[in-house]
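This report refers to the structure that appears directly beneath it.
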Amino acid sequence: MKPQKSFTVDEIKEKMGHYCAYQDRCHFDVEKKLNEFHLIPEAREAILIYLIQENFLNEERFAHSFVRGKFNQKKWGKLKIKVELKKRSILPRLVEQSLSKEIDADEYYQTAKDLIQKKIQLIQEKNEFRRKMKVVNYMQQKGYESALIFEIYEDLSNNISIG
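The sequence shown maps to residues 1 to 163 in UniProt numbering.
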């Protein structure tokens, strides 16, 4: 095992500043990264204070950015986004605020509908129940609410021939 390279507190501040500037980070991610440096508590605290004061670290900005990115890019539903933010110790109030501000209700519905339509077209299953369950499972894995999934599926199956 090779010896660990040591850094000064100022060097770590600079590295962590770059780490946070590259992509919005939350306290959880930053603390995990800081563990790699094996710092004494005082140095760790000084670095965190620096990152917050210089606005490299901002939980609210992170939450909004995370919600926007996961919904727009990965088409995740609200449930999956909530779970991932909870894993990162983001305050529930901030999670709800970010979801309501960053995800338009009509756009959310349309995205779910588009995903369901695409999935229906890809499924080769002839059995209606199995086909429906495959769609439901897929959408639940993406983090969409069951009631919304069933509502859209029923609406689509009443308006078009799925088989």
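Note that the Cβ used here is the ideal one computed from N, Cα and C, for glycine as well. Note that this is a predicted model, so its numbers are computed, not measured.
Residue i Cβ short of 7 Å to the ligand ATP heavy atom set
i, result
"GLN117", "The ligand ATP is not part of the structure shown, which contains no ligands of any sort."
Whole-number beta carbon distance between residue j and residue i, since they are thought to touch under 8 Å
i, j, result
"ILE81", "ILE116", "Wrong, their Cβ atoms sit about 18 Å apart, outside the cutoff."
"GLU102", "HIS64", "6 Å"
"LYS142", "LYS75", "6 Å"
"CYS26", "GLU59", "6 Å"
"residue 214", "GLU54", "Residue 214 is absent from the structure shown; the chain starts at 1 and stops at 163."
Pair within 8 Å by beta-carbon distance, residue i and residue j
i, j, result
"ILE149", "MET139", "yes"
"ARG88", "PHE129", "no"
"VAL95", "LYS119", "no"
"PHE56", "ALA21", "yes"
"LEU51", "ARG44", "no"
"residue 251", "PHE66", "This structure leaves residue 251 out entirely; the chain is present only between 1 and 163."
Environment of residue i [buried if 16+ CB atoms lie within 10 Å]
i, result
"VAL83", "exposed"
"ALA147", "exposed"
"LEU91", "exposed"
"SER98", "buried"
"ILE144", "Reading off the sequence, residue 144 comes out as Tyr, not Ile. TYR144 comes out buried."
"PHE7", "exposed"
"ILE47", "buried"
"ILE12", "buried"
"ALA105", "exposed"
"ARG93", "exposed"
Please specify which runs of the alpha helix (DSSP H), each continuous and at least 4 residues long, are wholly inside the segment 82 to 125, giving them in chain order. For the segment 82 to 125, whole alpha helix (DSSP H) runs of length 4 or above, ordered along the chain, are 92 to 102, 105 to 122.
So within the segment 12 to 48, which uninterrupted alpha helix (DSSP H) runs reach at least 4 residues, ignoring any that extend past its ends? 27 to 35
Where are the alpha helix (DSSP H) runs, 4 residues long or more, that stay fully inside the segment 126 to 158, in chain order? 128 to 141, all fully within the segment 126 to 158.
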